[in-house]
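Below: the structure, in structure tokens.
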Amino acid sequence: MKTSTCRMIERGIIRHAGLEHNKEAVESAVSSLLECYKAGGKLLVCGNGGSAADSEHIVGELMKSFVKERPLSREMQDRISGQAKNEEERQILKKLQKGLPAIALVNQSALQSAVQNDMDAELIFAQQVLGYGKEEDVFLGISTSGQSGNVVMAAYVARALGMKVIGMTGESGGSLAGLSDILINVPAEETWEVQEYHLPVYHLICAAVENEMFGGEES
């Protein structure tokens, strides 16, 4: 990784006491996502309750500019804006940014309710992973206890597809720990305390990946 990215991770870990033991896992998560994106893959992420909100938050940081500017190449700007019917539309289209493909599996209510009704509620994320997942993709399962059945089932499918599995949990890791290639188990067990640690962790991961993909060598 770039020197600037390493410094970013180091500073981020230092700012949040208790995360020191997660530094290597955070670095591995960043490296796995970089490998995924360079291979043309995507991130699939899910969780329940507050972790569902975190899933959407992560997608928001990856699919558009987070810290760094992500301008399209002039060629791509011209290709896209060339489809516009007038100058106003062309100027709007030129505001588009490069995205890092990521899908939050938590917000497809029609599909999820159909799976719950016709199959089993614990398969709502697993069915999506089976439909979307490819070997070059990464699955990120967020569960404060590590025991969320629907997240665990999705991790089983991700592993079967050859995807890299990242688990983001509380201290014990739960069942998700044994299914994760990379486990980020923050030092808390109470749900709200775990979630308070998860926010700076995934912000750091998103910022580091963005810096690698869009930042200058020492930016």
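Number 756 in our numbering belongs to position 65 of the sequence shown; there are no gaps in the numbering. Built from N, CA and C at the ideal position, the CB exists for glycine as well.
Bridge partners of F816 according to DSSP: none are assigned. Cβ-Cβ distances below 6 Å link V797 to C737, A743, S746 in the same chain, with the five nearest sequence neighbours on each side left out; the list follows chain order. For K855, no alpha helix (DSSP H) encloses it; the enclosing beta strand (DSSP E) starts and ends at 855-860.
Using a 10 angstroms sphere on the CB of T694, the tally of other CB atoms stays under 16, which defines it as exposed. For G832, the enclosing beta strand (DSSP E) begins and ends at 829-833. With contacts defined as CB atoms closer than 8 Å, L831 and Y847 fail to qualify as a contacting pair.
When C-alpha distances from Q788 are compared across D811, G703, K755, the shortest belongs to K755.
Judged by their CB atoms, L763 and A775 are not nearer to each other than the 8 Å cut-off.
Looking only at G790, Q818, L791, the smallest Cα-Cα distance to A801 is reached by Q818. According to the DSSP assignment, N876 belongs to no alpha helix (DSSP H) but to the beta strand (DSSP E) extending over 873-876. When only Cα atoms are considered, V721 and M699 end up about 12 Å apart. As summarised for the stretch 730-792, the continuous beta strand (DSSP E) elements at least 3 residues long and confined to that stretch are 734-737, given in chain order. With respect to V842, L735 sits apart: the two C-beta atoms are not nearer than 8 Å. Beta-bridge partners of A795 (DSSP): V736. DSSP places N713 outside any alpha helix (DSSP H), giving it a letter other than H or E. If you draw a 10 Å sphere on the C-beta of L890, you find fewer than 16 other C-beta atoms in it, and that means exposed.
Excluding the 5 residues flanking it on each side, K855 has same chain C-beta neighbours closer than 6 Å at S723, V829, D872, in chain order.
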